[in-house]
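See below for the structure under consideration.
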Amino acid sequence: MGIIFTISMLYPLTMIAVILAVGVAQVSGFLLFLYLLVTLLFLKLTPKTKPKKLKRTEEGSPEQLPIKRNIIRNVVAVIGLGLVIVNALPLICTPYAIIDAETEFAEVYGDNWRDNIPNDVESYFLPTQFNLFNYFFGFPQPDCNIDRDIQYLKIDDDTYFNFDAYYPKATNRPLPGNNSIIIKIHGGAWVSGDKSEEDTLWINKYLAAQGYIVFDIQYGLLNVPSLFDALPTPEHVKGNFTLHDMVYHIGYFTKQIEAQLADRYNANMDSVFIMGGSAGGHLTAVVGLGYNDPYFAGNFSTALTIKGIIPMYPANDAEHVASGDRDGLIPGTPETNPLAYEKFTPSKLVDANDPPALFFQGLNDWMVPPSNSRAIELAMEMVDVDAIMLEFPFASHANDYITSNNFAQVWLYYLERFLYIEQLF
Amino acid sequence: MYGKEVPKKILNNSCFLSIFLNILTICFGISYFIISIQSILLDIFGVILVLSWLMNILILYLDDKYLNKNNEIGNSLNHIMYYYIFFFIIGILLIMLSIFISNFLLIGDFSLILAVILDIDLFIGFIGIGIFGIYLAIKTLSLIDRRGVFSFE
């Protein structure tokens, strides 16, 4: 099983392996100890030597042949150590991810970018990019207020969308978030998934504890069978929804922020961030980069100021997004409806007035390859819009799910600083 | 003679180091459970933790390599080693499970109970590995000079 897991982490050859890879790289540090122990167990159970069979000499008497070393022990030892070394690689490569992130931040904010963050604010943030202790023992649960399942849009009795609100507990101390808004858009290939799933729960609470108002929202999903049906998905969000509908739903939510939610939660509409992973990353990029695009005019609240977008392992190419079972996501084809395909490809939506972006991308992501996020980054850089790409060697798709893993710790360190710095601009 | 002294010294020193690292790890861990603050000290603690686990595994390997399993006492130590390997594996799995599930926890009545259970799992996994490691190291030290238990005696 260790061999299958390790191969899945490096080269997922089938969809099952791709899904396995989502989990394996995140716990490779644990797995390497498990493989070490199992190898030791095998070595203990396997005899060190085994005698060869007795052979009869020509005279007919048995000849005792020398005892030979048990080759199987050596093979087990080599395989075991090999698995340990390979599974140590994601951890070993963490410094490279940190160096890369430092370079990216310095390019955008200057070498002394940390001077923008006062000491009292730093005290709320992670002190280091990575530590082994948190890797093996996780983070403590952050404390915040949570309002769950608040309806924001009703299509009919069977179709409606809710959101969860995470916000800080009352305190006399000013918090780094300054009540800035974060709109979270979940992933699930536009056909499945739900708000406040997987790591978003912990991240939402963490950011809320820092003073952000996090709105984790549902939106309409295309109702087609999918490999991602295993993800918990409420029935009331499924329908014949296109990407246009999804943008409308998210846009409607921004209007709800303006109309009532900003007052209710004392949220700062002048400082809004949009964040999402996978399909949510694609929608984050479309909404964030298309906020002022005439194609999407009328969808969004004009009272919100988008300070930054955080697309995590986002899809980019609309032709690929709306293909196969998901061809219903965009009406028509690239030939009959080229404008829609262009506008739902984030790299083609970029202009000089767009907000800056912070990307999370696993370099071993076989589900949504790095070329997607790089295309968006490049398009942004071409028009002098800040784009920070955090790339993680050996990370697969959605490898921020376990927030204490080596990828997510580095990500979190730079995410909280990005959010704070961009509020200042 | 010289060839037998070296492995004995290595095993001897490894056991002392293991006891020291495991005690440090347990103390740090208990402190963290009581006062959960993020600090640069956790970096040092994390390295000590990994070293203690590696040292425990090294002792398991050295014991297995030099133990005389035909000896009654050696055989008994061999059984303890098996128990420790299984416990170590279960301990790591418990820790993994706790971390995995805690990413999905909400704050609420039922979730608080779940959080406590997961913390206990984490504690058992982590403390158990440390305590068992100390026990194995002490047991090894107590037998290291006993004739016939190890192949270097």
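Listed in order, the protein sequences are those of chains S and X.
Position 179, counted from 1, in the first sequence is what this note's numbering calls 348; the numbers after and before it change by one each time, with no gaps.
Position 122, counted from 1, in the second sequence is what this note's numbering calls 972; the numbers after and before it change by one each time, with no gaps.
Where is the CB? At the ideal position from N, CA and C, for every residue including glycine.
Return the first residue and the last residue of the alpha helix (DSSP H) that residue i is part of.
{"i": "residue 353 of chain S", "result": "Premise fails: residue 353 of chain S lies in the beta strand (DSSP E), 349-354, not in any alpha helix (DSSP H)."}
{"i": "residue 269 of chain S", "result": "263-278"}
{"i": "residue 374 of chain S", "result": "369-378"}
{"i": "residue 481 of chain S", "result": "Residue 481 of chain S -> not in any alpha helix (DSSP H); beta strand (DSSP E) instead, spanning 475-481."}
{"i": "residue 539 of chain S", "result": "539-551"}
{"i": "residue 922 of chain X", "result": "922-952"}
{"i": "residue 306 of chain S", "result": "301-306"}
{"i": "residue 199 of chain S", "result": "197-214"}
{"i": "residue 576 of chain S", "result": "575-593"}
{"i": "residue 509 of chain S", "result": "507-512"}
{"i": "residue 289 of chain S", "result": "288-291"}
{"i": "residue 489 of chain S", "result": "487-490"}
Once you ignore the five residues that flank residue i on each side, which residues in its own chain have a CB closer than 8 angstroms to its CB?
{"i": "residue 269 of chain S", "result": "559, 560"}
{"i": "residue 851 of chain X", "result": "Residue placement at residue 851 of chain X cannot be trusted, given a pLDDT of 47 that sits under 50; the coordinates are not used to answer."}
{"i": "residue 871 of chain X", "result": "898, 901, 902, 905"}
{"i": "residue 347 of chain S", "result": "380, 437, 440, 592"}
{"i": "residue 538 of chain S", "result": "none"}
Would you mind telling me which residues of chain X sit closer than 7 angstroms to residue i, beta carbon to beta carbon, in chain order?
{"i": "residue 196 of chain S", "result": "946"}
Kindly list the residues whose CB is nearer than 7 angstroms to the CB of residue i, restricted to its own chain and excluding five residues on each side of it in sequence; keep chain order.
{"i": "residue 1001 of chain X", "result": "916, 918"}
{"i": "residue 581 of chain S", "result": "295, 572"}
{"i": "residue 375 of chain S", "result": "311"}
{"i": "residue 895 of chain X", "result": "878"}
{"i": "residue 468 of chain S", "result": "416, 417, 420"}
{"i": "residue 598 of chain S", "result": "This structure does not reach residue 598 of chain S, given that chain S is present from 170 up to 594, and the question cannot be answered."}
{"i": "residue 487 of chain S", "result": "499, 510, 513, 514"}
{"i": "residue 867 of chain X", "result": "905"}
Near residue i, what residues of its chain come up, given a Cβ to Cβ distance below 6 angstroms and the 5 sequence neighbours on each side ignored?
{"i": "residue 534 of chain S", "result": "482, 565, 566"}
{"i": "residue 208 of chain S", "result": "249"}
{"i": "residue 449 of chain S", "result": "354, 355, 356"}
{"i": "residue 597 of chain S", "result": "Absent from the model: residue 597 of chain S. The displayed extent of chain S is 170 to 594, so no value can be given."}
{"i": "residue 451 of chain S", "result": "483, 484"}
{"i": "residue 912 of chain X", "result": "861"}
{"i": "residue 568 of chain S", "result": "194, 195, 531, 576"}
{"i": "residue 869 of chain X", "result": "984, 987"}
Kindly indicate the opening and closing residues of the beta strand (DSSP E) around residue i.
{"i": "residue 530 of chain S", "result": "526-531"}
{"i": "residue 319 of chain S", "result": "314-325"}
{"i": "residue 560 of chain S", "result": "556-561"}
{"i": "residue 331 of chain S", "result": "328-336"}
Determine the chain S residues that contact residue i at a beta-carbon separation under 7 angstroms, and present them in chain order.
{"i": "residue 938 of chain X", "result": "206"}
{"i": "residue 950 of chain X", "result": "571"}
{"i": "residue 935 of chain X", "result": "206, 209, 210"}
{"i": "residue 972 of chain X", "result": "306"}
{"i": "residue 942 of chain X", "result": "199, 202, 203"}
Tell me, please, whether the CB atom of residue i is closer than 7 angstroms to any CB atom in chain C?
{"i": "residue 338 of chain S", "result": "Reference to chain C is not applicable here, since the protein chains of this structure are S and X."}
Note down, in chain order, every chain X residue with its Cβ under 9 angstroms from the Cβ of residue i.
{"i": "residue 213 of chain S", "result": "910, 914, 928, 931, 932, 935"}
Q. What are the residues of the stretch 889-917 of chain X that lie near chain S, defined by any Cβ-Cβ distance shorter than 8 angstroms?
A. Result list: 889, 890, 892, 893, 895, 896, 897, 899, 900, 903, 907, 910, 911, 914.
Q.
Short of 8 angstroms Cβ to Cβ, which residues in the stretch 497-522 of chain S face chain X?
A. So nothing in the stretch comes that close.
Q: Below 9 angstroms between beta carbons is the criterion; list the residues of the stretch 449-461 of chain S that meet it against any residue of chain X, in chain order.
A: Nothing from the stretch 449-461 of chain S brings a Cβ to less than 9 angstroms from some Cβ of chain X.
Q.
So if I threshold CB-CB distances at 7 angstroms, which residues from the stretch 270-302 of chain S count as touching chain X?
A. Taking 7 angstroms as the upper bound on Cβ-Cβ separation, chain X lies near residues 295, 296, 297, 300, 301, 302 of the stretch 270-302 of chain S.
(Q) Could you tell me which whole alpha helix (DSSP H) segments of length 4 or greater appear in the stretch 373-448 of chain S? (A) Unbroken alpha helix (DSSP H) stretches of 4 residues or longer found wholly inside the stretch 373-448 of chain S: 412-425, given in chain order.
Q) Which residues, in order along the stretch 566-581 of chain S, keep a beta-carbon less than 8 angstroms from a beta-carbon of chain X? A) So the list reads 570, 571, 572, 573, given in the order they occur along the chain.
**Q.** Residue ranges of each beta strand (DSSP E) within the stretch 851-895 of chain X, 3 or longer
**A.** Entirely contained in the stretch 851-895 of chain X, not one beta strand (DSSP E) run reaches 3 residues.
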